[in-house]
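*Asks:*
In the working numbering, the protein residues as written are 584 to 884.
(1) So, at 6 Å on beta carbons, what are the nonlocal neighbours of residue 610 in its own chain, with the 5 sequence-adjacent residues on each side left out?
(2) Between residue 854 and residue 832, which are expected to be in contact by the criterion C-beta below 8 Å, what is the C-beta distance as a whole number of angstroms?
(3) By the 10 Å Cβ neighbour count, where 16 or more other Cβ atoms means buried, how is residue 641 classified, buried or exposed?
(4) What do you get for residue 756, buried or exposed, if any count of 16 or more other CB atoms within 10 angstroms of its CB means buried?
(5) Looking at the secondary structure, which residues open and close the beta strand (DSSP E) in which residue 588 lies?
(6) Just to confirm my understanding: we take residue 701, look at its own chain, exclude 5 residues before and 5 after, and list those with CB closer than 8 Å. What are they?
(7) Below 8 Å on the Cβ atoms is my contact criterion, and I expect residue 684 with residue 861 to pass it. Report the Cβ-Cβ distance as a whole number of Å.
(8) So what does DSSP say about residue 752, is it helix, strand or coil?
(9) Please identify the residue among 835, 633 and 798 whose C-alpha is closest to the C-alpha of residue 690.
(10) So what does DSSP say about residue 644, is it helix, strand or coil?
(11) For a quick check, are the C-beta atoms of residue 636 and residue 662 less than 8 Å apart?
(12) Have a look at the DSSP bridge pairing and note the partners of residue 856.
(13) Hey, out of 752, 731, 638 and 615, whose CA is closest to residue 672's CA?
(14) Going by DSSP, which residues form a beta bridge with residue 766?
(15) Span of the alpha helix (DSSP H) holding residue 798?
(16) Would DSSP call residue 918 helix, strand or coil?
(17) Buried or exposed: which applies to residue 797, given that a residue is buried once 16 or more other Cβ atoms fall within 10 Å of its Cβ?
(18) Closest to residue 823 by CA distance: which of 851, 780 and 810 is it?
(19) Does DSSP put residue 669 in a helix, a strand or coil?
(20) Please look up how many angstroms separate the CB atoms of residue 795 and residue 817, rounded, as I've assumed it's under 8 Å.
(21) Using CA coordinates, which residue listed in 725, 733, 727 and 697 is at the minimum distance from residue 718?
(22) Give the single residue among 603, 600, 594 and 649 whose Cα lies nearest to the Cα of residue 619.
(23) According to the neighbour-count rule (16 or more other Cβ atoms, all chains shown, within 10 Å of its Cβ), is residue 679 buried or exposed?
(24) Nearest-angstrom Cα distance between residue 652 and residue 875?
(25) Which residue marks the beginning of the alpha helix (DSSP H) containing residue 613, and which one marks its end?
(26) Assuming residue 705 is part of the alpha helix (DSSP H), what are its boundary residues?
(27) Can you grab the Cα-Cα spacing for the pair residue 793 / residue 782, in whole Å?
(28) Looking at the secondary structure, which residues open and close the alpha helix (DSSP H) in which residue 736 lies?
(29) Between the C-alpha atoms of residue 742 and residue 693, what's the straight-line distance to the nearest angstrom?
So, in structure tokens, the structure goes:
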């Protein structure tokens with residue numbers, strides 16, 4: 584019987600479907616010091632972001648049964664893919680499931696920073712009535728620069744256009760034939776956009792995509808939204824840009840260190856922050872579970 588380890592859990596409905604299909608499913612979390620040894624008895628591993636599948640773990644399962652690793656989510660930066668391939672282990676993810684949820688969260692952060700929703704909520708709970716301090720802006724008519732026009736970027740573009748925003752984009756693949764919006768090189772996009780929303784993976788070889796140099800050229804008073812990966816943005820450079828007024832606000836769902844340790848950033852009055860919840864909707868998690876079941880079913884068919 585094919586054995587599957589859900590090291591970070593999975594939706595109950597998905598687990599029941601896997602059992603009905605004849606798979607042996609174990610939903611239990613093993614820390615890194617135990618995971619490698621335990622995995623020798625499993626054919627498939629399913630993880631979320633909590634589990635890091637490192638070279639050391641994969642070396643231990645080299646002579647075991649493991650054939651498939653699935654990231655129940657989009658990013659696979661917590662899995663050493665090169666090492667996995669060395670041992671003939673296939674790595675898959677669920678790229679379709681959470682696009683809408685992340686796009687909606689990005690929009691939520693845009694509204695939050697444009698209208699001081701987080702700060703005013705906090706100060707009102709402290710008994711303050713700072714009505715005159717919170718003069719925001721409307722997002723209708725503003726230019727949204729999307730960096731990374733993949734599934735999430737496209738979902739966000741559609742929603743932003745419906746709200747009356749002018750959408751432009753940049754993508755590592757250049758101008759895309761299936762995208763109707765105007766393409767800009769990154770520096771030109773940063774100079775033009777009122778809101779910059781990031782939807783790209785982190786490239787360790789290149790480091791920060793948005794650092795001090797990029798904040799120097801970004802449009803005066805722009806807003807930046809990061810629902811991608813924490814290390815895409817240099818947090819210290821971001822704080823400098825916030826403090827100087829170069830940018831008017833930031834919406835952040837991801838951080839350089841998670842759980843977050845940068846208290847100054849999350850407590851900044853012009854920052855809207857969430858604890859990496861881009862895919863944390865009932866609908867997205869149901870779709871992730873369905874995708875995981877489909878991948879496993881097809882792979883071991």
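Where is the CB? At the ideal position from N, CA and C, for every residue including glycine. This one's a predicted model, so the numbers in the text were calculated from it and none came from an experiment.
*Replies:* A quick look at the data gives this:
(1) As a first step, residue 610 must be located in the chain shown, where it is residue number 27. For residue 610, where only same-chain residues beyond five positions count, the Cβ hits under 6 Å are 589 and 592.
(2) In the chain shown, counting from the first residue as 1, residue 854 sits at position 271. In the chain shown, counting from the first residue as 1, residue 832 sits at position 249. Right, their Cβ atoms sit about 7 Å apart.
(3) On the chain shown, residue 641 is found 58 positions in, with the first residue counted as 1. Buried, since its Cβ has 16 or more Cβ neighbours within 10 Å.
(4) Sequence index remark: in the chain shown, residue 756 carries index 173 (1-based). Under this definition residue 756 is an exposed residue.
(5) Along the chain shown, read from residue 1 onward, the residue named residue 588 stands at position 5. Its beta strand (DSSP E) spans residues 586-589.
(6) Position 118 of the chain shown holds residue 701. So the qualifying residues of the chain are 695, 854, 855 and 856.
(7) The residue labelled residue 684 in the question sits at position 101 within the chain shown. The residue labelled residue 861 in the question sits at position 278 within the chain shown. Indeed, because the Cβ distance is near 6 Å, the residues count as touching under 8 Å.
(8) As a first step, residue 752 must be located in the chain shown, where it is residue number 169. Looking at residue 752 - three-state DSSP - the assignment turns out to be strand.
(9) Taking the first residue of the chain shown as position 1, residue 690 is located at position 107. Nearest C-alpha to residue 690: 835.
(10) Looking up residue 644 in the chain shown gives position 61. DSSP places residue 644 in coil when its eight states are reduced to three.
(11) Reading the chain shown from its first residue, position 53 is the one you call residue 636. Reading the chain shown from its first residue, position 79 is the one you call residue 662. Yes, these two residues count as a Cβ contact at 8 Å.
(12) Counted from its first residue, the chain shown places residue 856 at position 273. Answer is 835, bridged to residue 856.
(13) To locate residue 672, count along the chain shown from 1; it is residue 89. Minimum Cα distance to residue 672 is reached at 638.
(14) Within the chain shown, numbered from 1, the residue matching residue 766 stands at position 183. According to DSSP, which records beta bridges pairwise, residue 766 is partnered with 752.
(15) Against the chain shown, residue 798 aligns to sequence position 215. Residues 795-800.
(16) An answer regarding residue 918 cannot be provided, because it is not within the stretch 584 to 884 covered by the chain.
(17) One-based indexing of the chain shown puts residue 797 at position 214. Answer is buried; the Cβ neighbour count reaches 16.
(18) Position 240 of the chain shown holds residue 823. If we check each option's Cα against that of residue 823, 851 comes out closest.
(19) Numbered from its first residue, the chain shown carries residue 669 at position 86. In this structure, residue 669 counts as helix in the three-state DSSP scheme.
(20) Within the chain shown, the letter at position 212 stands for residue 795. Within the chain shown, the letter at position 234 stands for residue 817. The Cβ separation is near 7 Å, so the contact holds.
(21) Along the chain shown, one-based indexing puts residue 718 at 135. Answer by Cα proximity: 697.
(22) In the chain shown, residue 619 corresponds to position 36, counting from 1. Considering only alpha carbons, the answer is 649.
(23) Translated into the one-based positions of the chain shown, residue 679 becomes position 96. Answer is exposed; the Cβ neighbour count stays below 16.
(24) In the chain shown, counting from the first residue as 1, residue 652 sits at position 69. In the chain shown, counting from the first residue as 1, residue 875 sits at position 292. Distance between the alpha carbons of residue 652 and residue 875 is about 10 Å.
(25) For the purposes of this step, residue 613 is taken as residue 30 along the chain shown, with counting starting at 1. Note, residue 613: premise wrong, no alpha helix (DSSP H); not H, not E.
(26) Sequence index remark: in the chain shown, residue 705 carries index 122 (1-based). From DSSP, the alpha helix (DSSP H) with residue 705 extends over 700-708.
(27) Your numbering for residue 793 matches position 210 in the chain shown. Your numbering for residue 782 matches position 199 in the chain shown. Approximately 12 Å, taken between the alpha carbons.
(28) Taking the first residue of the chain shown as position 1, residue 736 is located at position 153. Segment 734-745, the alpha helix (DSSP H) holding residue 736.
(29) Here residue 742 is taken as the residue at index 159 of the chain shown, counted from 1. Here residue 693 is taken as the residue at index 110 of the chain shown, counted from 1. Answer to the nearest angstrom: the Cα atoms are 12 Å apart.
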